[in-house]
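Have a look at the structure below, then the notes.
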Amino acid sequence: MFQWLSNWILDGLKHSPEILLFLSLSLGYLIGSIRIGKFQLGGVAGSLLVAVALSVFGVTVDSGVKAVLFALFIYAVGFESGPQFFRSLGVKTLREIFLALFIAIIGFVTVVVLAKVFNLDKGLAAGLAAGGLTQSAIMGTASDALSQLGLSAEELRRLQGNVTIGYAVTYIFGSLGAIIVCVNILPKIMGRDISDDAIKAQSEQLNGSLLLGANQNFALSDISGRLYHVTNKINQSVSDIEKMVNGISIERIKRDNKILEATPDVLIKEKDIILVVGHRDAMIQANDLLGTEVNSASGMDVIMNTQDVEMRNSRYVGENLMQVLSSDEVMKLKHGIYLVAIHRDGQPLPLNNDIVLKLGDVITIYGADSDLRRVIDKIGAPITKSEKTDWIFHGLGLVVGLIIGLIVIHVSHIPITLGAGGGALLSGLLFGWYRALHQTYGNIPSGALQLLKDFGLAGFVAVVGLSSGLQAIDTIKEQGISLFLIGVIVTLLPMLLAIYFGKYILGYKNAAVFAGALAGSRSANPAFGEVLNKAGNSIPTNSFAITYALANVFLTLLGPFVVAFV
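Start counting the sequence shown at 4; every next residue gets the next number (the numbering used here).
If you want it as structure tokens, here you go:
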């Protein structure tokens with residue numbers, strides 16, 4: 004009975020290997036949520052460990068699934084941070100260059116020294132570098148370098164096989180160790196918290212503004228509506244009152260139980276009930292002028308909306324906010340319209356009179372539907388909020404990224420390529436930057452973007468664990484634990500030294516930014532995913548994107564050098 008059941012389960016898993024993939028995610032996130040003191044493994048690392056354990060079933064998931072999941076993850080990361088990435092390029096990125104170079108050099112020295120001490124051959128040493136530093140491309144460059152040594156076919160086959168063995172044994176901890184260092188050890192050494200520093204950095208990006216969550220609102224809203232029973236003998240027109248109290252608009256009038264349209268020329272009389280909308284400070288002035296505030300009146304409700312509009316009117320481009328708001332055309336249009344915010348490249352700008360408007364700026368306005376329709380066409384194009392993803396845009400983005408990943412440049416017979424991951428990241432950055440300039444294209448809801456990141460990364464590492472876990476376990480049994488422990492040193496030593504180098508030499512002060520840079524300089528995508536989870540925002544992405552691109556070059560170059568010096 005037991006034999007039949009086990010055979011039935013194994014046969015089912017072979018026909019549906021995706022069962023193990025989703026089981027790895029479910030159990031992995033469960034294990035990753037367990038907190039011991041301040042240490043928490045996290046869902047990505049948990050998924051990797053569970054996948055390694057489940058690899059004993061000998062069932063693998065097609066490598067194409069791994070490629071798709073990782074492409075989705077890294078493209079989403081790039082898309083989210085594209086505007087900030089290109090804005091941050093400059094002299095400031097020199098420290099990211101030095102950090103990535105430092106990791107590559109120390110990693111190379113560590114591999115060569117340990118290979119000499121423990122008598123590892125060129126193949127195992129190259130695999131050790133590829134797995135311990137989690138840069139799979141090293142296997143390719145090292146194997147190619149081995150083929151140039153004029154070895155016999157049998158010896159070449161043995162050494163190239165050892166590259167795979169060294170990689171299989173060390174890659175699992177290469178991923179797991181990087182997570183532990185970036186998420187747990189780095190904050191302790193720096194004496195800072197990743198989440199706190201991410202919030203601080205984001206606040207600086209937002210010019211001191213507070214970023215509200217999906218269900219958050221300010222207790223004191225800047226714009227509000229109030230009903231007044233006019234008790235003063237005003238006898239002024241709607242437009243005159245709006246000029247007397249700058250920052251309010253009269254939206255509706257009730258006189259003798261009849262609703263009147265609040266046109267500019269209508270006179271406000273004693274005993275009228277009027278609906279006034281305006282800024283909080285202006286409403287205080289209106290209270291003294293108009294009379295008594297009342298709680299409610301039938302028929303006086305007006306629906307107000309907030310609308311984002313992309314600036315396309317070249318007439319206002321190059322003028323500051325004061326010039327635009329005081330122009331004759333705008334003065335005629337702005338009744339009932341309130342400027343809420345201006346965003347440029349995804350970042351809010353302070354609403355002061357000196358702001359110079361540019362094409363592509365996103366203007367957020369508030370008002371009644373009739374008022375909004377009157378002015379939107381004068382500004383540009385409305386940005387429609389939708390729960391649908393623009394797959395025309397993002398599908399093209401992924402295609403472009405994967406094509407970029409196919410490009411190979413040979414430098415002294417050494418193939419240099421960004422690979423599918425680097426290409427998708429670069430494309431995501433470019434398409435995210437374009438989306439920030441042209442908000443009417445490339446919509447993707449925040450929840451959908453988060454799903455791509457979470458499922459893409461966790462699914463990727465689960466497939467790696469299911470595919471390589473059993474081989475790593477078998478190799479450890481054959482080779483002993485020594486190769487695994489050597490891989491632990493290769494993983495940890497360069498990163499630990501890099502933390503002190505970054506803190507004291509390069510001057511990193513923000514733990515979130517530094518953790519992203521460190522993960523990128525090691526091509527440690529799972530570690531980066533956990534850093535993002537800890538940060539709670541995209542702050543670590545800029546530094547990661549820079550060092551990740553550099554690491555794809557620097558670490559890939561290590562393959563031939565390891566072969567040459569071991």
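C-beta atoms are modelled at their ideal positions from N, C-alpha and C, and glycine is treated no differently.
Predicted model, so just to flag it, every value in this text is computed and none were measured.
Could you tell me the alpha carbon to alpha carbon distance between residue i and residue j, rounded to whole angstroms?
i: residue 59; j: residue 472; result: 8 Å
i: residue 548; j: residue 45; result: 22 Å
i: residue 347; j: residue 322; result: 15 Å
i: residue 269; j: residue 243; result: 10 Å
i: residue 100; j: residue 507; result: 16 Å
i: residue 73; j: residue 463; result: 6 Å
i: residue 181; j: residue 444; result: 37 Å
i: residue 55; j: residue 468; result: 5 Å
i: residue 240; j: residue 309; result: 27 Å
i: residue 558; j: residue 337; result: 58 Å
i: residue 535; j: residue 544; result: 8 Å
i: residue 113; j: residue 425; result: 25 Å
i: residue 509; j: residue 174; result: 28 Å
i: residue 311; j: residue 392; result: 18 Å
Compare the C-alpha of residue i against each of the options and name the closest.
i: residue 136; options: 55, 111, 165 and 467; result: 111
i: residue 170; options: 432, 504, 248 and 487; result: 487
i: residue 305; options: 278, 510 and 352; result: 278
i: residue 341; options: 226, 276 and 81; result: 226
i: residue 79; options: 389, 438 and 501; result: 438
i: residue 324; options: 344, 315, 395 and 356; result: 356
i: residue 103; options: 61, 407, 24 and 501; result: 501
i: residue 82; options: 159, 245, 430 and 461; result: 430
i: residue 542; options: 505, 205 and 298; result: 205
i: residue 32; options: 533, 568 and 561; result: 533
i: residue 453; options: 65, 75, 21 and 49; result: 75
i: residue 172; options: 485, 519, 402 and 565; result: 485
i: residue 492; options: 122, 131, 67 and 392; result: 131
i: residue 530; options: 184, 85, 39 and 154; result: 184
i: residue 398; options: 71, 413, 465 and 193; result: 71
i: residue 23; options: 566, 35, 53 and 233; result: 53
i: residue 65; options: 118, 466, 566 and 293; result: 466
Identify the residues that DSSP records as bridge partners of residue i: which are they?
i: residue 233; result: 294
i: residue 385; result: 312
i: residue 344; result: 367
i: residue 261; result: 258
i: residue 270; result: 240
i: residue 359; result: 323
i: residue 227; result: 281
Under the three-state reduction of DSSP, which class applies to residue i: helix, strand or coil?
i: residue 337; result: coil
i: residue 350; result: strand
i: residue 276; result: strand
i: residue 18; result: helix
i: residue 438; result: helix
i: residue 125; result: helix
i: residue 318; result: coil
i: residue 307; result: strand
i: residue 38; result: strand
i: residue 281; result: strand
i: residue 250; result: coil
i: residue 206; result: helix
i: residue 62; result: coil
i: residue 144; result: helix
i: residue 537; result: helix
i: residue 130; result: helix
i: residue 527; result: coil
i: residue 391; result: coil
i: residue 484; result: coil
Assuming residue i contacts residue j under a Cβ cut-off of 8 Å, what Cβ separation, rounded to an integer in Å, is found between them?
i: residue 257; j: residue 300; result: 6 Å
i: residue 313; j: residue 383; result: 5 Å
i: residue 178; j: residue 51; result: 6 Å
i: residue 250; j: residue 281; result: 5 Å
i: residue 145; j: residue 166; result: 6 Å
i: residue 566; j: residue 125; result: 5 Å
i: residue 106; j: residue 353; result: That pair is no contact at about 38 Å.
The ligand NAD and residue i: does the residue's C-beta get closer than 7 Å to at least one heavy atom of that ligand?
i: residue 231; result: The ligand NAD is not part of the structure shown, which contains no ligands of any sort.
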